[in-house]
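Here is the structure we will look at.
Number of protein chains: 2
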Amino acid sequence: MPIADHDEFTGEEVRLALRNPGMPLEALRRPVTPIGMHYVLVHFDVPVIDEAGHDLVIDGRVERPLTLGMDDLRARPAVSMPVVMECAGSGRAHLAPRPVSAPWHEEAVGCAEWTGTPLRPLLEEAGLLDDAVEVLFTGCDRGLDQGVEQDYQRSLPVAEALRDNVLLAYAMNGQPLPPPHGFPLRLIVPEWYGMASVKWLRSITAIPEPFDGVQQTVLYCYRRSEDDPGTPVTRKRPRALMAPPGIPEFLSRIRHVPAGPCVVVGRAWSGGTAIRRVELSADGGRTWAAARLDDPAGPHGWTGWSCAWNATEPGDHELWVCATDADGDTQPLAAADVWNQGGYGVNAVQRVRVRVD
Amino acid sequence: MPIADHDEFTGEEVRLALRNPGMPLEALRRPVTPIGMHYVLVHFDVPVIDEAGHDLVIDGRVERPLTLGMDDLRARPAVSMPVVMECAGSGRAHLAPRPVSAPWHEEAVGCAEWTGTPLRPLLEEAGLLDDAVEVLFTGCDRGLDQGVEQDYQRSLPVAEALRDNVLLAYAMNGQPLPPPHGFPLRLIVPEWYGMASVKWLRSITAIPEPFDGVQQTVLYCYRRSEDDPGTPVTRKRPRALMAPPGIPEFLSRIRHVPAGPCVVVGRAWSGGTAIRRVELSADGGRTWAAARLDDPAGPHGWTGWSCAWNATEPGDHELWVCATDADGDTQPLAAADVWNQGGYGVNAVQRVRVRVD
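The listed protein sequences correspond, in order, to chains A and B.
For the first sequence, this note's numbering gives the first residue as 1, with consecutive numbering after it.
For the second sequence, this note's numbering gives the first residue as 1, with consecutive numbering after it.
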């Protein structure tokens, strides 16, 4: 990935931003992210797919290859659950120098209710052979990246693919999947960053050695330098975000808040574990106030939080918010603390500029 | 609006792009733009509105002020129609120097099917008084722009507000309006650029003098220089767009097409008139091939087109497409030909980079 050493953004970054929307942060006031407010990342083009002709093939190192149509999948047991979907690149734009890719600040997230059928029973029906080590998921989207022409593909280790919470989803918020979210079928891997939840899913292949495609071994790895072999990006790191209080200025997005007591609200999450603590600072991290936590929206949804802030002093302020998860992992204060070549997992505390009038 | 004199983009522009998605241009392959692929421009924040408590007030210079709930509006005669919605700022990013605002290239467009009740009979029931010269529409979104705190407001001259095609819309593609598109109610002014189609509509006020709010008199005016009083932005200028052929490279978005015959497809539109001609050039405008036109999708929808291109020569090409409407208006070849301070109506021909492999 090219690296930019300046504050301004390239035309490529702007074009990626225009076709890959973030979630407007005021959507954090809503427990479920509506279709049209949820972030989207599409590597290549959104394919046009006729549902009637769309089959899912399960093959490779299995005893009984399967081919299922959409009606077959919908006839199977269905599960619905809220899942926080987040792009691994969320936070990338705060890095300096900055990897040139989708220039997410912290808005590459959403929490929708996904409906589908669990993957595990299907893999059990197909019968994974003993030499299967990974399960490879292939989408219908095709293009070039890192110089390689490819269908979008990602794998999971067998143990991860067999987790009970992995779904083959055909509905989002009770509607058929919108095209940018994978119509008619996508994988949902609730604990991982979004790159694992392959969209426009057409095949599931049990493979006898680890997948080495570019989306797995070149991209989506934490690397401190170009010759660092790196470690794979997997589960979401903890993050809290606030719905920016008050009202915005159009261009700067600076928030204007009347002087007086104010309640700041938001949501927090972490991949595969609960949120233990959310804290708010209005003095650059010198002091932190503990937020009140709501009950989480299921094991893979987000946790609402609220925190009083007494906006007594007119002038410019910056609000910071920081989450700690049940494993004790806390967000770093600065993006530089988690700098890496691809700009993944940059979960530094959110900072929102507020002007008290 | 500040002006940028360089190719790179500011942080403000990128943040606006991330929260205001364009339509991914592959959506031009679809006759109706799905929710989640249609462009969105939100000046302030998307408000959270409880439909049960949302009233529309019709007041000002009328004989009988009216207050209508959403059920009242849905009980009235309903009309559904495809409408091309386009931001007046689409094309702005091609200008040099460039007004700093939403950095649209040409993707700020979509064609959905909107359902609602015509405005005219409601204005007739309220009874416009003789001194009413404009009708002012107020949304629920509030913020600051050009130094002024405001609700988003735009007006129409009475004669424009009384046109039969102006709707109060409560559904998009057969669904309740998604929040970024104005839930629960928005105006649809089919011939004009999108700024006229006020979202989250809460009041309609007949006024005895022209509205002079910043969204009407400071923004959305064609001005050649800062001291030019300017002329108002109204109807959409003609534009054709192609669905980029072949497959994309992730970062550059350069298209890769196999050598051989290729059919390029797209859509074209113009505000208030039909499309007469669409032409494609593969040699920088020296020669143009006439595209075949489909029947238009109603008077306010777009017109599909297709044009053969024989991609015989391997290497880099640029495809240009140009529309001419029934009034004889043709797209300019260069954005500079329609430069203006706000970057509005920049309908220069689309240029798509294609690599023949």
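Glycine included, C-beta positions come from ideal geometry on N, C-alpha and C.
- Check the Cα spacing between Asp337 of chain A and each of A:Pro245, A:Pro258, A:Ser101, A:Tyr222: the tightest is with A:Tyr222.
- DSSP places Asp325 of chain A within a strand segment (E or B) once states are collapsed to three.
- Straight through space, the alpha carbons of Trp309 of chain A and Pro245 of chain A are spaced by roughly 10 Å.
- Across the set A:Trp200, A:Ala75, A:Gly22, A:Leu128, the C-alpha of A:Trp200 shows the shortest separation from the C-alpha of Glu51 of chain A.
- At a cut-off of 7 Å between beta carbons, Ile247 of chain B contacts chain A.
- In the DSSP assignment, His256 of chain A forms a beta bridge with A:Ile247, A:Arg355.
- For the stretch 296-328 of chain B, there are no residues whose beta carbon sits under 9 Å from a beta carbon of chain A.
- Between the stretch 103-120 of chain A and the stretch 10-28 of chain A there are three or more inter-stretch CB-CB distances shorter than 8 Å, so the stretches are counted as touching.
- Residues of the stretch 3-22 of chain A that bring their beta carbon within less than 7 Å of a beta carbon in chain B comprise Asp7, Glu8, Phe9, Thr10, Gly11, Glu12, Glu13, Val14, Arg15, Ala17, Leu18, Arg19, Pro21, Gly22, in sequence order.
- DSSP lists B:Phe9 as the beta-bridge partner residues of Phe9 of chain A.
- At a beta-carbon threshold of 8 Å, none of the residues of chain B lie near Ala291 of chain A; the nearest stands roughly 20 Å away.
- Annotated as proximal: Val352 of chain B and Leu319 of chain B, with beta-carbon spacing under 7 Å.
- Put simply, the CB of Asp151 of chain B is far from chain A, with every gap to its CB atoms at 7 Å or more.
- Listed along chain B is no residue with a C-beta nearer than 7 Å to that of Val354 of chain A; the closest approach is about 13 Å.
- Taking a cut-off of 8 Å for Cβ pairs, the stretch 209-223 of chain B and the stretch 146-157 of chain B touch, as three or more such pairs fall below it.
- Nearest to Ser252 of chain B by alpha-carbon distance, out of B:Met70, B:Thr67, B:Arg355, is B:Arg355.
- Cβ neighbours of Pro180 of chain A within its own chain (closer than 7 Å, five residues either side excluded): Val40, Val42, Val46.
- The stretch 301-325 of chain A is shown to contain whole beta strand (DSSP E) runs of 3 or more residues at 303-311, 315-325, in chain order.
- Annotation: the stretch 140-182 of chain B contains the following complete segments of the alpha helix (DSSP H) (minimum length 4 residues), in chain order: 158-161.
- For the pair Arg142 of chain A and Phe211 of chain A, the CB atoms are not nearer than the 7 Å cut-off.
- DSSP links Val84 of chain A through a beta bridge to A:Cys111.
- Of all residues in the stretch 130-148 of chain B, those with a C-beta nearer than 7 Å to a C-beta of chain A are Arg142, Gly143, Leu144, Asp145, reading in chain order.
- Interface criterion not met: the Cβ of Phe211 of chain A is under 7 Å from no Cβ in chain B.
- Distance from the CA of Trp269 of chain A to the CA of Leu73 of chain B, rounded to the nearest whole angstrom, comes to 40 Å.
- Assignment of Asp228 of chain B by DSSP, reduced to helix, strand and coil, places it in the coil class.
- For Met70 of chain A, no beta strand (DSSP E) encloses it; the enclosing alpha helix (DSSP H) starts and ends at 70-74.
- Put simply, of B:Thr303, B:Met242, B:Asp327, B:Arg92 the residue whose alpha carbon is nearest the alpha carbon of Ala335 of chain B is B:Arg92.
- It is roughly 44 Å from the alpha-carbon of Glu13 of chain A to the alpha-carbon of Glu209 of chain B.
- For the 7 Å CB-CB criterion, Asn173 of chain B and Ala112 of chain B form a contact.
- Check the Cα spacing between Leu56 of chain B and each of B:Asn340, B:Met85, B:Gly285, B:Leu119: the tightest is with B:Leu119.
- For Ile49 of chain B, same chain residues with a beta-carbon under 7 Å away, outside a window of 5 residues either side, are Cys140, Phe183, Pro184, Trp200 in chain order.
- Scanning its chain for C-beta atoms nearer than 6 Å, with the 5 sequence neighbours on each side dropped, one finds around Pro261 of chain A the residues Asn310, in chain order.
- Three or more beta-carbon pairs separated by less than 8 Å link the stretch 123-132 of chain B to the stretch 155-165 of chain B, which places the two stretches in contact.
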